[in-house]
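Enquirer:
2 protein chains.
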Amino acid sequence: MPKTVLSLLLALVPVALLAQGKADVLLHRDGAPPRWAIAIHGGAGVIPKTMPEATKREYFQSLAAALKAGQDVLAGGGTSLDAVEKVVRTLEDDPRFNAGKGAVYTHDGRHELDAAIMRGKDLACGSVAAVTTVKNPISLARLVMEKSPHVFLAGGGAEAFADSMKVPRVPNSYFDTDLRFQQLQEELKKERGEGPGNPDPKHGTVGAVALDVHGDLAAATSTGGLTNKRFGRIGDVPIIGAGTYANNRTCAISSTGFGEQFIRHSVSHDISALMEYRGLTLQQAADEVIHKKLNPGDGGIIGVAHDGSIALVFNSEGMFRGAADSGGRFEVKIWE
Amino acid sequence: MPKTVLSLLLALVPVALLAQGKADVLLHRDGAPPRWAIAIHGGAGVIPKTMPEATKREYFQSLAAALKAGQDVLAGGGTSLDAVEKVVRTLEDDPRFNAGKGAVYTHDGRHELDAAIMRGKDLACGSVAAVTTVKNPISLARLVMEKSPHVFLAGGGAEAFADSMKVPRVPNSYFDTDLRFQQLQEELKKERGEGPGNPDPKHGTVGAVALDVHGDLAAATSTGGLTNKRFGRIGDVPIIGAGTYANNRTCAISSTGFGEQFIRHSVSHDISALMEYRGLTLQQAADEVIHKKLNPGDGGIIGVAHDGSIALVFNSEGMFRGAADSGGRFEVKIWE
Numbered sequence: 000m001p002k003t004v005l006s007l008l009l010a011l012v013p014v015a016l017l018a019q020g021k022a023d024v025l026l027h028r029d030g031a032p033p034r035w036a037i038a039i040h041g042g043a044g045v046i047p048k049t050m051p052e053a054t055k056r057e058y059f060q061s062l063a064a065a066l067k068a069g070q071d072v073l074a075g076g077g078t079s080l081d082a083v084e085k086v087v088r089t090l091e092d093d094p095r096f097n098a099g100k101g102a103v104y105t106h107d108g109r110h111e112l113d114a115a116i117m118r119g120k121d122l123a124c125g126s127v128a129a130v131t132t133v134k135n136p137i138s139l140a141r142l143v144m145e146k147s148p149h150v151f152l153a154g155g156g157a158e159a160f161a162d163s164m165k166v167p168r169v170p171n172s173y174f175d176t177d178l179r180f181q182q183l184q185e186e187l188k189k190e191r192g193e194g195p196g197n198p199d200p201k202h203g204t205v206g207a208v209a210l211d212v213h214g215d216l217a218a219a220t221s222t223g224g225l226t227n228k229r230f231g232r233i234g235d236v237p238i239i240g241a242g243t244y245a246n247n248r249t250c251a252i253s254s255t256g257f258g259e260q261f262i263r264h265s266v267s268h269d270i271s272a273l274m275e276y277r278g279l280t281l282q283q284a285a286d287e288v289i290h291k292k293l294n295p296g297d298g299g300i301i302g303v304a305h306d307g308s309i310a311l312v313f314n315s316e317g318m319f320r321g322a323a324d325s326g327g328r329f330e331v332k333i334w335e
Numbered sequence: 000m001p002k003t004v005l006s007l008l009l010a011l012v013p014v015a016l017l018a019q020g021k022a023d024v025l026l027h028r029d030g031a032p033p034r035w036a037i038a039i040h041g042g043a044g045v046i047p048k049t050m051p052e053a054t055k056r057e058y059f060q061s062l063a064a065a066l067k068a069g070q071d072v073l074a075g076g077g078t079s080l081d082a083v084e085k086v087v088r089t090l091e092d093d094p095r096f097n098a099g100k101g102a103v104y105t106h107d108g109r110h111e112l113d114a115a116i117m118r119g120k121d122l123a124c125g126s127v128a129a130v131t132t133v134k135n136p137i138s139l140a141r142l143v144m145e146k147s148p149h150v151f152l153a154g155g156g157a158e159a160f161a162d163s164m165k166v167p168r169v170p171n172s173y174f175d176t177d178l179r180f181q182q183l184q185e186e187l188k189k190e191r192g193e194g195p196g197n198p199d200p201k202h203g204t205v206g207a208v209a210l211d212v213h214g215d216l217a218a219a220t221s222t223g224g225l226t227n228k229r230f231g232r233i234g235d236v237p238i239i240g241a242g243t244y245a246n247n248r249t250c251a252i253s254s255t256g257f258g259e260q261f262i263r264h265s266v267s268h269d270i271s272a273l274m275e276y277r278g279l280t281l282q283q284a285a286d287e288v289i290h291k292k293l294n295p296g297d298g299g300i301i302g303v304a305h306d307g308s309i310a311l312v313f314n315s316e317g318m319f320r321g322a323a324d325s326g327g328r329f330e331v332k333i334w335e
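In the order they appear, the protein sequences are chains F and S.
Residues 0 to 335 in numbering that gives the first Met the number 0 are what the first sequence spells out, letter by letter.
Residues 0 to 335 in numbering that gives the first Met the number 0 are what the second sequence spells out, letter by letter.
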């Protein structure tokens, strides 16, 4: 479908909602139809440009399918929270990305998954770390936010909470994939001094950020963490203000990269603070943090601001990403 | 000793250090001797003013001993990192506070301890969560920072890391105290509908922040978490940017209170950001976050700024706290 036709159709959706009397749909000051916007990522890092064309196509198809899933929620008047959860579930179920099915292996040959979700309207948030049998960790994080008095549950306790919530469970082997098993073997060989290891073991996360037609922002991130991780290492993903943050006053951010660096620099809250306290745009604030405070190669962020603007900023070689909005934008990219 | 005499003696220490040729000791622009400053806390919340005089005296003595331990490090030219670790170890070993010995009980009648430490010079940091056999969790957090490639280790993994570091270990029952056991019973009775529960189960943490004569800031926080906690709940203490933060450009902060609120509001990083991006003083920034963004009763923070100013800000009934500096200040307080 040509872009202009798609754009026209999408533009009609909010008008139709208004006609149904959904009064909480915001009209922009200039009288333009209400905006929605969404950005997604599937990890940042060293992504070889030499990958086979067929593999590239598969990645683009996966990203487009996840983006479309979020777009459908937002264009239908749904909430940003539902949209980001839907996108992240789609990427968790896709074995190509390091989250849910396809998560990397720990040192012990198992999978420990982390996830977080945040709602910009009221700063409500939920995180889980080191879960091992929950098919979609992002949905457990949402239940922590909505059904528990806490914001962060870890390990066996998070599993016990999952029992009480009756979310879909799987054996830990459900997360197995040949590619990730091979990456663990490369890392273990490296430890024994027998090989160069996986060229980029640090990176791999999925995430989504969105603005809905009601004016609300949300962010969600999920990951299998580091290949060969041990010692119950927790990265930036479930740390509110580091890997995941949403605040209606400013923006929604989801990070991907060298988690320890994103924690030290409180990356996602820092971008929000630069917007709120220094008056920077989302793009300016993200550039400042990713290009001036972090080190080259550390990773990147996706962000959506309260005005619907989108930023996709990274200092690594590539970032699996996509963006769509009510103005007809719909794109997926890996490099440049 | 009169305050002025003490002040004079303390003022001589840095001069003596300079005479020894320790060139990294900073002189202030106005030519005044190098400053150090320290603040400590032992938790915030509902602290009954009706407590017996003898109990009050014990708390004041405990706080003064911990403050003195940190003061000695700083006045001797030691680092802020050593000072905050020393103070927090002292408070962890003191059964009166909810950290280390004297930690509250989980739902299962055990103890799970969290701690974090951060150095303002390079944003290096280390956190541990749900450790059960490490006598001084703050020292394990420091080892995570200095001896591991990670910043956050949890649960059994953190214990395994402790094995490899040979830190002092204790049986979990070492942390038992009658007072905390009784508080758990009150909470369990409340769950069964048989009593009002502990009037203030949310609060209880220890922490320290310091500026040393080299101009470096550091922060440390440690806690036993919530009485009757379950599901592997992690609070704000080990979350860098929420309960603990230090950045030489701005301030060092340690929080105490309703952890979930401190995570949602990225309290400690937000205070730093208000200083850096809006030019507020530490006191103004802390007042803004604690009194305007949080809810009454949520808790408080202690902070030291890069200029040596100290802020002790809380919106609860009381906060066990103390402050000392190279100008001769030395005080411990609970209320007002």
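We put the CB at the ideal spot given by N, CA and C, even for glycine.
Alpha carbon to alpha carbon, how far is ARG232 (chain F) from ALA129 (chain S)? Give it in angstroms, no decimals.
Expert: Here residue 129 (chain S) corresponds to residue number 130 of the second sequence, with the count starting at 1. Here residue 232 (chain F) corresponds to residue number 233 of the first sequence, with the count starting at 1. In a straight line, the C-alpha of ALA129 (chain S) is about 12 Å away from that of ARG232 (chain F).
Enquirer: Given that ILE252 (chain S) touches chain F, what residues does it touch there, using C-beta distances under 7 Å?
Expert: The sequence position of residue 252 (chain S) within the second sequence is 253, counting from 1. Going along chain F, no residue has its Cβ under 7 Å from ILE252 (chain S), so there is no contact; the nearest lies around 12 Å.
Enquirer: May I ask you to verify whether the stretch 218 to 225 of chain S touches the stretch 218 to 226 of chain F, counting CB pairs closer than 8 Å and requiring at least 3?
Expert: Flag = no, the stretch 218 to 225 of chain S and the stretch 218 to 226 of chain F do not touch.
Enquirer: As an exercise, report each continuous alpha helix (DSSP H) stretch of at least 4 residues that is fully enclosed by the stretch 121 to 159 of chain S, in chain order.
Expert: The qualifying runs are 136 to 146.
Enquirer: In the structure shown, what three-state DSSP assignment does VAL72 (chain F) receive?
Expert: Here residue 72 (chain F) is taken as the residue at index 73 of the first sequence, counted from 1. Residue state, collapsed to three classes: helix.
Enquirer: Spell out whether any CB of chain F is found under 8 Å from the CB atom of PHE257 (chain S).
Expert: Position 258 of the second sequence, counted from the first residue, corresponds to residue 257 (chain S). With 8 Å as the cut-off, PHE257 (chain S) does not count as an interface residue toward chain F.
Enquirer: Using a Cβ-Cβ cut-off of 7 Å (strictly less than) and excluding sequence neighbours within five positions of GLY299 (chain S), which residues of its own chain qualify?
Expert: As a first step, residue 299 (chain S) must be located in the second sequence, where it is residue number 300. So the list reads ALA43, THR255, GLY256, ILE289, VAL312, PHE313, ASN314, SER315 and MET318, once near-sequence residues are dropped.
Enquirer: Name the one or two DSSP bridge partners that TYR244 (chain S) has.
Expert: Taking the first residue of the second sequence as 1, we reach residue 244 (chain S) at position 245. BP columns for TYR244 (chain S) point to S:ILE252.
Enquirer: Using only the heavy atoms of the ligand SAM, determine whether one of them is closer than 7 Å to the beta carbon of SER253 (chain F).
Expert: The ligand SAM is absent from the structure shown, which contains no ligands of any kind.
Enquirer: What do you get for PHE180 (chain S), buried or exposed, if any count of 16 or more other CB atoms within 10 angstroms of its CB means buried?
Expert: In the second sequence, the residue the question calls residue 180 (chain S) occupies position 181. When all chains shown are included, PHE180 (chain S) counts as exposed.
Enquirer: Return the bridge partner residues of ASP113 (chain S) from the DSSP annotation.
Expert: Position 114 of the second sequence, counted from the start, is the residue given in the question as residue 113 (chain S). Answer by DSSP bridge pairing, in chain order: S:THR222.
Enquirer: Going by DSSP in three states, PHE180 (chain F) sits in which element: helix, strand or coil?
Expert: The residue you call residue 180 (chain F) lines up with position 181 of the first sequence. Three-state DSSP puts PHE180 (chain F) in a helix.
Enquirer: Output, in chain order, the set of chain S residues within a Cβ distance shorter than 8 Å of HIS305 (chain F).
Expert: Within the first sequence, residue 305 (chain F) is the residue found at index 306, counting from 1. Residues of chain S passing the Cβ test: none, with the nearest at roughly 17 Å.
Enquirer: Express the C-alpha separation of SER79 (chain F) and ASP235 (chain S) in angstroms, rounding to a whole number.
Expert: Counting from 1 along the second sequence, the entry for residue 235 (chain S) is found at position 236. Counting from 1 along the first sequence, the entry for residue 79 (chain F) is found at position 80. Going by the C-alpha atoms only, they are around 26 Å apart.
Enquirer: List, in chain order, every chain S residue whose beta-carbon is nearer than 7 Å to that of GLY155 (chain F).
Expert: Taking the first sequence and counting its residues from 1, one reaches residue 155 (chain F) at position 156. Correct list: GLY231.
Enquirer: By the three-class DSSP mapping on this structure, what secondary structure does MET318 (chain F) have?
Expert: Taking the first sequence and counting its residues from 1, one reaches residue 318 (chain F) at position 319. The answer is strand: DSSP assigns MET318 (chain F) an E or B state.
Enquirer: Going by C-alpha distance, which of S:ALA245, S:GLY203 and S:ILE238 is nearest ALA218 (chain S)?
Expert: Sequence index remark: in the second sequence, residue 218 (chain S) carries index 219 (1-based). For the residues S:ALA245, S:GLY203 and S:ILE238, the minimum Cα distance to ALA218 (chain S) belongs to S:ALA245.
Enquirer: Could you say which of S:ILE37, S:LYS55 and S:THR54 lies nearest to GLY69 (chain S) if we only look at CA atoms?
Expert: Translated into the one-based positions of the second sequence, residue 69 (chain S) becomes position 70. The candidate whose alpha carbon is nearest that of GLY69 (chain S) is S:ILE37.
Enquirer: Can you look up LEU293 (chain S) in the DSSP assignment and give me helix, strand or coil?
Expert: Residue numbering aside, residue 293 (chain S) sits at position 294 when the second sequence is read from its first letter. It is coil, neither helix nor strand.
Enquirer: Could you list which residues in chain F have their beta carbon closer than 8 Å to that of LEU139 (chain S), in chain order?
Expert: Numbered from 1 along the second sequence, position 140 holds the residue referred to as residue 139 (chain S). Residues of chain F passing the Cβ test: none, with the nearest at roughly 11 Å.
Enquirer: Expressed to the nearest angstrom, what Euclidean distance is found between the alpha-carbon atoms of GLN60 (chain F) and LEU90 (chain F)?
Expert: Reading the first sequence from its first residue, position 61 is the one you call residue 60 (chain F). Reading the first sequence from its first residue, position 91 is the one you call residue 90 (chain F). Distance between the alpha carbons of GLN60 (chain F) and LEU90 (chain F) is about 12 Å.
Enquirer: So, with DSSP's three-state summary, where would you put THR105 (chain S)?
Expert: Working through the second sequence from its first residue, we reach residue 105 (chain S) at position 106. Correct three-state label for THR105 (chain S): strand.
Enquirer: Taking buried to mean at least 16 other C-beta atoms within 10 Å of its own C-beta, is ALA99 (chain S) buried or exposed?
Expert: As a first step, residue 99 (chain S) must be located in the second sequence, where it is residue number 100. The question names Ala, but residue 99 (chain S) is Gly in the sequence shown. Answer is buried; the Cβ neighbour count reaches 16.
Enquirer: Please confirm whether LEU17 (chain S) has its beta-carbon closer than 8 Å to some beta-carbon of chain F.
Expert: Looking up residue 17 (chain S) in the second sequence gives position 18. Unreliable positioning characterises LEU17 (chain S) in this predicted model, as indicated by a pLDDT of 36, which lies under 50. A coordinate reading is not provided.
Enquirer: What does the alpha-carbon distance come out to for the pair ALA153 (chain F) and TRP35 (chain S)?
Expert: The count along the first sequence starts at 1 and reaches residue 153 (chain F) at position 154. The count along the second sequence starts at 1 and reaches residue 35 (chain S) at position 36. Answer to the nearest angstrom: the Cα atoms are 38 Å apart.
Enquirer: Could you name the residues of chain F that SER79 (chain S) contacts, counting a contact when the two beta carbons are closer than 7 Å?
Expert: As a position in the second sequence, residue 79 (chain S) is number 80, starting the count at 1. In chain order: nothing, as chain F lies at least about 17 Å away.
Enquirer: Show which residues of chain S have a CB atom less than 8 Å away from the CB atom of SER265 (chain F).
Expert: The sequence position of residue 265 (chain F) within the first sequence is 266, counting from 1. Within 8 Å Cβ-Cβ: ILE239, GLY240, TYR244, SER265 and HIS268.
Enquirer: May I ask which residues mark the beginning and end of the beta strand (DSSP E) holding PHE329 (chain S)?
Expert: Residue mapping note: residue 329 (chain S) aligns to position 330 of the second sequence, counting from 1. Looking at the DSSP string, the run of the beta strand (DSSP E) that includes PHE329 (chain S) is 329 to 332.
Enquirer: DSSP puts GLY44 (chain S) in a beta bridge; with which residues?
Expert: Translated into the one-based positions of the second sequence, residue 44 (chain S) becomes position 45. According to DSSP, GLY44 (chain S) bridges with S:GLY317.
Enquirer: From the DSSP secondary-structure annotation, give me the bridge partner or partners of ILE239 (chain S).
Expert: Here residue 239 (chain S) corresponds to residue number 240 of the second sequence, with the count starting at 1. According to DSSP, ILE239 (chain S) bridges with S:THR243.
Enquirer: Starting from the beta carbon of LYS129 (chain S), find every residue of chain F whose beta carbon is closer than 9 Å, and list them in chain order.
Expert: For the purposes of this step, residue 129 (chain S) is taken as residue 130 along the second sequence, with counting starting at 1. The sequence as given places Ala at residue 129 (chain S); Lys does not occur at that position. The contacting residues are ALA153, GLY154, GLY156 and GLY231.
Enquirer: State the start and end residues of the unbroken alpha helix (DSSP H) segment that holds VAL266 (chain S).
Expert: One-based indexing of the second sequence puts residue 266 (chain S) at position 267. For VAL266 (chain S), the enclosing alpha helix (DSSP H) starts and ends at 266 to 277.
Enquirer: Show which residues of chain F have a CB atom less than 7 Å away from the CB atom of ALA218 (chain S).
Expert: Here residue 218 (chain S) refers to the residue found at position 219 of the second sequence. Here the premise fails: no neighbours, minimum Cβ distance about 13 Å.
Enquirer: The stretch 55 to 74 of chain F: which residues have C-beta closer than 7 Å to a C-beta of chain S, in chain order?
Expert: Listed by position, the residues of the stretch 55 to 74 of chain F near chain S (Cβ gap below 7 Å) amount to none.
Enquirer: Are the stretch 131 to 146 of chain F and the stretch 111 to 122 of chain F touching, with three or more C-beta to C-beta distances below 8 Å?
Expert: Under the Cβ criterion (8 Å, minimum of three pairs), the stretch 131 to 146 of chain F counts as touching the stretch 111 to 122 of chain F.
Enquirer: What's the call for PRO237 (chain S), buried or exposed, on a 16-neighbour Cβ count within 10 Å?
Expert: By 1-based counting over the second sequence, the position of residue 237 (chain S) is 238. By the neighbour-count rule (16 or more Cβ atoms within 10 Å), PRO237 (chain S) is buried.
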